[in-house]
């Protein structure tokens, strides 16, 4: 069993850390940003003062924080992870951040004799709790093999995509697909309901055909019921689409539908919905149509 540092125990991180505990691993948590979750401590996790102390104690250090600046901070602050590393320790960033920044972070960590994996996840809070996340990994194959038993405690579909940064690239691609599917389902349900059809029945009919998808199944139901408590917040999906659009500018390519989905998310944010679940994209469309499928 491994000694694992886990930094970032929020909506996603806390159940991921819990699954590592259930698999028998020892956890070390940092309290630099706030108190460690009581349930993890009660189950045996050790709370330490800062990321440096966590890195000193652990063989593997997992990071699960919201965005690129937060990853950079926990890695390279004065009392950060990098300050506590020694050769052959493994840093696994499971956040969803910039592929370009990831390559720079990995270079700095690898120069210390440690190893770096970027391993962002897909599956939301449901997948984090169930231990069924899809995990997209960038890094060295031998390091990936070392970390694989840990990743298998948190996910089911685990793929070594390529070198450092490639895991993050795959995650950005994932978020493009998810956003456009959410928008497609939302537009279809608004169209159907405005035309006088029962959106629940339309969804039921579409689930049996080529339009069937996990998003139609899960997020379509949320749209119909109006249950928008976050599994994955709109503000975080906006962050991911910003990464996609910034990357597109760097590559000299155009992602017109991604840009359009981002505009609808921005409408939701302007309505105060940054913390809504991303299935609430439909509320942006409803606002523009002055019509709700739930009325």
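Numbering (the working numbering), first residue to last: 446 to 740.
Beta carbons are placed, not taken as given, at the ideal position from N, Cα and C, and that holds for glycine.
{"Query": "Run the CB neighbour count on residue 644, radius 10 Å, all protein chains shown included, and call it buried at 16 or more, exposed below.", "Result": "buried"}
{"Query": "Under three-state DSSP, which class holds residue 521?", "Result": "helix"}
{"Query": "For residue 664, tell me which candidate among 698, 700, 603, 726 has the shortest Cα-Cα distance.", "Result": "726"}
{"Query": "Hey, could you find the ends of the alpha helix (DSSP H) residue 589 is sitting in?", "Result": "586–599"}
{"Query": "By alpha-carbon positions, which one of 558, 678, 544 ends up nearest to residue 532?", "Result": "558"}
{"Query": "Select from 526, 673, 579 the residue whose C-alpha is nearest the C-alpha of residue 555.", "Result": "526"}
{"Query": "So, for residue 488: in the same chain, excluding its five sequence neighbours on each side, which residues have a beta-carbon less than 7 Å away from its beta-carbon?", "Result": "466"}
{"Query": "Would you mind stating whether residue 599 and residue 576 have Cβ atoms separated by less than 8 Å?", "Result": "yes"}
{"Query": "For the segment 543–552 against the segment 566–575, are there 3 or more C-beta pairs whose distance is under 8 Å?", "Result": "no"}
{"Query": "Could you tell me the alpha carbon to alpha carbon distance between residue 518 and residue 580, rounded to whole angstroms?", "Result": "23 Å"}
{"Query": "Hey, residue 529 and residue 500: beta-carbon distance below 8 Å or not?", "Result": "yes"}
{"Query": "Where do the ends of the alpha helix (DSSP H) carrying residue 650 lie?", "Result": "644–651"}
{"Query": "For residue 554, which three-state DSSP category applies?", "Result": "helix"}
{"Query": "Please classify residue 452: does DSSP put it in a helix, a strand, or coil?", "Result": "strand"}
{"Query": "Out of curiosity, what's the CA-to-CA distance linking residue 457 and residue 509?", "Result": "8 Å"}
{"Query": "Going by the beta-carbon positions, is the gap between residue 571 and residue 676 smaller than 8 Å?", "Result": "yes"}
{"Query": "Does residue 624 pass the burial test, meaning 16 or more other C-beta atoms within 10 Å, or should it be called exposed?", "Result": "buried"}
{"Query": "With a threshold of 16 other CB atoms inside 10 Å of the CB of residue 459, please say whether the residue is buried or exposed.", "Result": "buried"}
{"Query": "Considering only C-alpha positions, which residue in the set 495, 461, 609, 498 is nearest to residue 484?", "Result": "461"}
{"Query": "Do residue 738 and residue 633 have their CB atoms nearer than 8 Å?", "Result": "no"}
{"Query": "Whose C-beta lies closer than 6 Å to the C-beta of residue 452 among residues of the same chain, with five residues either side of it excluded?", "Result": "475, 496, 508, 519"}
{"Query": "For residue 542 and residue 564, what's the separation of their Cα atoms in angstroms?", "Result": "10 Å"}
{"Query": "Figure out for me which residue from 606, 627, 463 has the closest Cα to the Cα of residue 702.", "Result": "627"}
{"Query": "Evaluate residue 611 with the Cβ neighbour count: other Cβ atoms within 10 Å of its Cβ, from every protein chain shown; 16 or more gives buried, anything less gives exposed.", "Result": "buried"}
{"Query": "If I measure Cβ to Cβ from residue 631 and keep anything under 7 Å in the same chain, skipping five residues before and after, which residues do I get?", "Result": "668, 726, 727, 730"}
{"Query": "Measuring CB to CB, does residue 693 end up less than 8 Å from residue 700?", "Result": "yes"}
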